[in-house]
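Colleague:
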Amino acid sequence: MRNLWQDIRFGFRVLLKSPGFTAVAVLSLALGMGANTTIFTIINAIFLHPLPVEEPARVVSVFTTDERNAGGFFTNFMPTSYPNYEDFRDKNQFFSALAATFNTNVSLSTNENPERVNAQLVSANFFTMLGVKPARGRAFLPDEDRVEGAASVVVLSDGLWRRLYGGDAGLVGKTILINRQSFTVVGIAPPNFKGINVLGGPDLWMPISMHNQVVTGLLNSWFRERRALIIAMVGRLKPGISLEQARAGMRILAKQLEQEYPLANEKRSVVLLPVTEAALNPNLRGAGVLIGVALMGAVGLVLLIACANVANLLLARATRRQREMAIRLSLGAGRGRLVRQLLTESILLALAGGALGILIAYWSRDLLWSLRPPFLGNGALDLTLDGRVLLFTLALSVLTGIVFGLVPSLQASRPGLMTELKDRTSAPSHSGRWYSPRSLLVIAQVGLSLVALVGAGLFLRSLQNAQRIDPGFDVAHLLAMSFDPGALGYDAPRREEFYRQVIARAGEQCVLRDASIAENALFAGGLSRTVFPDGVDTSDRRGGKLTPVNPVE
513 MRNLWQDIRF GFRVLLKSPG FTAVAVLSLA LGMGANTTIF TIINAIFLHP LPVEEPARVV
573 SVFTTDERNA GGFFTNFMPT SYPNYEDFRD KNQFFSALAA TFNTNVSLST NENPERVNAQ
633 LVSANFFTML GVKPARGRAF LPDEDRVEGA ASVVVLSDGL WRRLYGGDAG LVGKTILINR
693 QSFTVVGIAP PNFKGINVLG GPDLWMPISM HNQVVTGLLN SWFRERRALI IAMVGRLKPG
753 ISLEQARAGM RILAKQLEQE YPLANEKRSV VLLPVTEAAL NPNLRGAGVL IGVALMGAVG
813 LVLLIACANV ANLLLARATR RQREMAIRLS LGAGRGRLVR QLLTESILLA LAGGALGILI
873 AYWSRDLLWS LRPPFLGNGA LDLTLDGRVL LFTLALSVLT GIVFGLVPSL QASRPGLMTE
933 LKDRTSAPSH SGRWYSPRSL LVIAQVGLSL VALVGAGLFL RSLQNAQRID PGFDVAHLLA
993 MSFDPGALGY DAPRREEFYR QVIARAGEQC VLRDASIAEN ALFAGGLSRT VFPDGVDTSD
1053 RRGGKLTPVN PVE
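For the sequence shown, this note's numbering gives the first residue as 513, with consecutive numbering after it.
1) With distance defined between alpha-carbon atoms, name the residue in 765, 789, 874, 862 nearest to residue 911.
2) Taking three-plus beta-carbon pairs below 8 Å as touching, is the segment 561-581 in contact with the segment 780-789?
3) Pick out whichever of 919, 801, 818, 793 has its Cα sitting closest to the Cα of residue 855.
4) Compare the Cα-Cα distances from residue 686 to each of 648, 896, 958 and report the closest residue.
5) Would you mind giving the Cβ-Cβ distance between residue 1075 and residue 524, rounded to the nearest angstrom? I have them listed as a contact below 8 Å.
6) Check the DSSP bridge columns for residue 799 and list the partner residues they point to.
7) At what residues does the alpha helix (DSSP H) containing residue 599 begin and finish?
8) Chain D beta carbons: is any one of them nearer than 8 Å to that of residue 981?
9) Short check: CB of residue 709 to CB of residue 611, under 8 Å?
10) If we ignore side chains and look at the alpha-carbon of each, how far apart do residue 521 and residue 921 end up?
11) Find out if the Cβ-Cβ distance for the pair residue 593, residue 741 is shorter than 8 Å.
12) Cutting at 6 Å between CB atoms, please list the residues of its own chain near residue 642, excluding the five before and the five after it.
13) Closer than 8 Å by C-beta to residue 667: which residues in its own chain qualify, once you throw out the five before and the five after it? Chain order, please.
14) Take every Cβ of the segment 612-629, pair it with every Cβ of the segment 754-768, and state whether three or more of those distances are shorter than 8 Å.
15) With a floor of 4 residues, list each alpha helix (DSSP H) that falls wholly inside the segment 605-660, ordered by position along the chain.
16) State buried or exposed for residue 946, treating a residue as buried only when at least 16 other CB atoms are found within 10 Å of its CB.
17) Suppose you measure from the CA of residue 964 to the CA of residue 777; what does that come to, to the nearest Å?
18) Thinking C-beta only, is residue 906 closer than 8 Å to residue 537?
19) Could you tell me the alpha carbon to alpha carbon distance between residue 871 and residue 546, rounded to whole angstroms?
20) What span of residues does the beta strand (DSSP E) with residue 668 cover, start to end?
21) Can you tell me where the beta strand (DSSP E) with residue 719 in it begins and where it stops?
22) Can you check which of these residues, 673, 690, 689, is closest to residue 682 by C-alpha distance?
23) Is residue 896 helix, strand or coil by DSSP?
24) With residue 634 and residue 720 assumed to form a contact (beta carbons below 8 Å), what rounded beta-carbon distance in angstroms separates them?
25) Going by alpha carbons, who is nearest to residue 659 out of 1010, 1045, 723?
26) Report yes if the CB atom of residue 1064 is closer than 8 Å to the CB atom of residue 1015, and no otherwise.
27) Give the single residue among 621, 607, 609, 739 whose Cα lies nearest to the Cα of residue 1042.
28) Under 8 Å Cβ to Cβ from residue 684, same chain only, skipping five residues before and after it: list those, please.
29) Would residue 713 be called buried (16 or more neighbouring beta carbons within 10 Å of its own) or exposed?
30) Is the separation between the beta-carbon of residue 1033 and that of residue 974 shorter than 8 Å?
31) Please list, in chain order, all residues of the same chain as residue 623 whose beta carbon is under 7 Å from its beta carbon, the five residues on each side excluded.
32) Kindly identify the DSSP beta-bridge partner or partners of residue 693.
33) Return the CA-CA distance between residue 549 and residue 900, expressed in angstroms with no decimal places.
34) Have a look at residue 1091 and residue 744 and give me their C-alpha separation to the nearest angstrom.
35) Given this structure, state the Cα-to-Cα distance separating residue 580 from residue 775, to the nearest angstrom.
36) Assuming the contact rule is C-beta atoms closer than 8 Å, residue 895 and residue 877 should be a hit. Round their C-beta distance to whole Å, please.
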């Protein structure tokens, strides 16, 4: 240990004696490690961040499968219908509690203009099943989802509570306006709880029995249809029940429901996944993993280029220290001792680069997050540089120091004693050999840089081609806006009148040639219904195909 401290102190002195070399090396490493830390921060938030629930290993998400629509992009893991959820909840013997969730948007009125926020309708056992206790107030009571429209209560997220209400501790027990209806705030969720999905998260929760008050359009009209797959299920396994037992038992229940309701549940079954695997939509998880691997590979390549660059600098610097190494060897120092000293200096450089890289990651994560898709809110991901990120950067720094410092250390620790201790003005030089370590490192650096440039070029070309995809209509002169009059309490006649006035006023604007109304925005998907091609027997459900439906004017 004493020798280690000696190496560290000596390494600091050596690096401080060459401030120019140290600055260039640290900056090169910091750029590479900052990029790696930034990408790992996002990967950590999506794939590695534990859900803030009690015993997450016992919590399971339940999805619907459909043999007739298997293999589609979003049809391998689907929600269930509310009537099916009620049957699964009441008949299963494997979950101590099975909860339902449904996501929607609502209009929240404050002292200023109404604001559209993300809401999640949940069964009353949602918070207790997850073992989540509100930071203030209470969760929902068991009877607050039994009578439709009878429980106008709401639990706010910590983020919404602080953003719109300034963290007012007296808000619990007061009423707020949601869709122009009064709801009593009964609780404030813990700061770290954003639901069971890693992307996004609701701003507030309310009992699922309030769907008639807050859900509008086709979604609400289909809410109790057994074929409408709109409800997500999550449950906690009973003590002593394994995931495999629950899977087998729930498949038997799904088979019973198929036999009891063949028109709605034909060829449908269920699949169970641990909630940690389902926190990111399992239909997208594979693509997400590939994107994460590609991003880490790209920034890893940048770090390898930086390592090759610093290794070349160390080799160039080693030629000036050969006499020093020769004197230390002649005084009895072993080669292993010299290698350890030189590696200590390399690791110190890497640690300094890692520390600066953390600062770069702290600044660049906000820039990278600003490029997110528009459907992700500002607080959709927790990009905190937590202990796992700092530990990753520390391990990466040590490994990087060994990678770029090993070859220069081995090269510098074996000088020719006779040559170095004598006058070297006439000594032959072998630095011109093509296979010298410096030449090989230059070749590696050029090769890695070429790969990085080719990859960047292909990415830009793919991005350019994606922008040229023809969607089948003119996007250059298209303007889109969204509104939900149903969320403001408009009944059907008032909604139709509102739409007529919007189209009429839009037609009066000289900048608009035409206008129309649609249930869903372009490329926003929508509810799916079974569609039968012409000539197919509609009495045979196997002939239909699940297809997104978008009512338009």
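Built from N, CA and C at the ideal position, the CB exists for glycine as well.
Modeller: Inspection of the coordinates gives the following:
1) Within the sequence shown, residue 911 is the residue found at index 399, counting from 1. For the options 765, 789, 874, 862, the alpha carbon positioned closest to that of residue 911 is the one of 862.
2) Here the segment 561-581 makes contact with the segment 780-789; the two share three or more CB pairs at distances below 8 Å.
3) Position 343 of the sequence shown, counted from the start, is the residue given in the question as residue 855. It is 919 whose Cα lies nearest to the Cα of residue 855.
4) Within the sequence shown, residue 686 is the residue found at index 174, counting from 1. Nearest option by C-alpha distance: 648.
5) One cannot answer for residue 1075 here, as it falls past the ends of the chain, which runs 513 to 1065.
6) Here residue 799 refers to the residue found at position 287 when the sequence shown is read from its first residue. For residue 799, which the question treats as bridged, DSSP gives no partner whatsoever.
7) Position 87 of the sequence shown, counting from 1, holds the residue named residue 599. Element bounds for residue 599: 594-603.
8) Here there is only one protein chain, and chain D is not present.
9) Against the sequence shown, residue 709 aligns to sequence position 197. Against the sequence shown, residue 611 aligns to sequence position 99. Not a contact, by the Cβ cut-off of 8 Å.
10) Mapped onto the sequence shown, residue 521 falls at position 9. Mapped onto the sequence shown, residue 921 falls at position 409. Distance between the alpha carbons of residue 521 and residue 921 is about 18 Å.
11) For the purposes of this step, residue 593 is taken as the residue at position 81 of the sequence shown. For the purposes of this step, residue 741 is taken as the residue at position 229 of the sequence shown. Yes, these two residues count as a Cβ contact at 8 Å.
12) One-based indexing of the sequence shown puts residue 642 at position 130. Hits under 6 Å: 565.
13) Taking the sequence shown and counting its residues from 1, one reaches residue 667 at position 155. Once the five neighbours on either side are set aside, the close Cβ partners of residue 667 are 639, 646, 649, 651, 652, 697, 698, 699, 700, 701, 716, 717, 718.
14) No contact exists between the segment 612-629 and the segment 754-768.
15) Annotation: the segment 605-660 contains the following complete segments of the alpha helix (DSSP H) (minimum length 4 residues), in chain order: 638-642.
16) Against the sequence shown, residue 946 aligns to sequence position 434. For residue 946, the pLDDT reaches just 49, beneath the cut-off of 50, and the residue's location in the model is therefore unreliable, although a value from the coordinates is still provided. Classification of residue 946: exposed, given that the 10 Å Cβ count is below 16.
17) Reading the sequence shown from its first residue, position 452 is the one you call residue 964. Reading the sequence shown from its first residue, position 265 is the one you call residue 777. Their Cα atoms are separated by approximately 51 Å.
18) Working through the sequence shown from its first residue, we reach residue 537 at position 25. Working through the sequence shown from its first residue, we reach residue 906 at position 394. Going by C-beta atoms, residue 537 is not nearer than 8 Å to residue 906.
19) The residue you call residue 871 lines up with position 359 of the sequence shown. The residue you call residue 546 lines up with position 34 of the sequence shown. Take the alpha-carbon of residue 871 and the one of residue 546: they are about 8 Å apart.
20) Sequence index remark: in the sequence shown, residue 668 carries index 156 (1-based). Taken as a continuous stretch (DSSP letters only), the beta strand (DSSP E) holding residue 668 covers 665-668.
21) In the sequence shown, residue 719 corresponds to position 207, counting from 1. The continuous beta strand (DSSP E) containing residue 719 extends over residues 716-719.
22) On the sequence shown, residue 682 is found 170 positions in, with the first residue counted as 1. Among 673, 690, 689, the Cα nearest to that of residue 682 belongs to 673.
23) Here residue 896 corresponds to residue number 384 of the sequence shown, with the count starting at 1. Taken through DSSP and simplified to helix, strand or coil, residue 896 comes out as coil.
24) Here residue 634 refers to the residue found at position 122 when the sequence shown is read from its first residue. Here residue 720 refers to the residue found at position 208 when the sequence shown is read from its first residue. Their Cβ separation, rounded to whole angstroms, is 6 Å, which keeps residue 634 and residue 720 in contact under 8 Å.
25) If you number the sequence shown from 1, residue 659 lands on position 147. Per the Cα distances, 723.
26) Your numbering for residue 1064 matches position 552 in the sequence shown. Your numbering for residue 1015 matches position 503 in the sequence shown. No, the Cβ-Cβ distance between residue 1064 and residue 1015 is not below 8 Å.
27) As a working mapping, residue 1042 is identified with position 530 in the sequence shown. Of 621, 607, 609, 739, the residue nearest in Cα terms is 739.
28) Your numbering for residue 684 matches position 172 in the sequence shown. Cβ within range, chain order: 648, 649, 697, 698, 699, 700.
29) As a position in the sequence shown, residue 713 is number 201, starting the count at 1. The residue is buried, with at least 16 neighbouring Cβ atoms inside 10 Å.
30) Counted from its first residue, the sequence shown places residue 1033 at position 521. Counted from its first residue, the sequence shown places residue 974 at position 462. Contact flag unset, no.
31) On the sequence shown, residue 623 is found 111 positions in, with the first residue counted as 1. Nothing meets the Cβ criterion.
32) For the purposes of this step, residue 693 is taken as residue 181 along the sequence shown, with counting starting at 1. Within the DSSP secondary-structure output, residue 693 pairs in a beta bridge with 690.
33) Locating residue 549 in the sequence shown gives position 37, where the first residue counts as 1. Locating residue 900 in the sequence shown gives position 388, where the first residue counts as 1. Cα to Cα, residue 549 sits roughly 11 Å from residue 900.
34) One cannot answer for residue 1091 here, as it falls past the ends of the chain, which runs 513 to 1065.
35) Mapped onto the sequence shown, residue 580 falls at position 68. Mapped onto the sequence shown, residue 775 falls at position 263. Each residue's alpha carbon lies about 13 Å from the other.
36) On the sequence shown, position 383 is the one that residue 895 refers to. On the sequence shown, position 365 is the one that residue 877 refers to. The Cβ separation is near 5 Å, so the contact holds.
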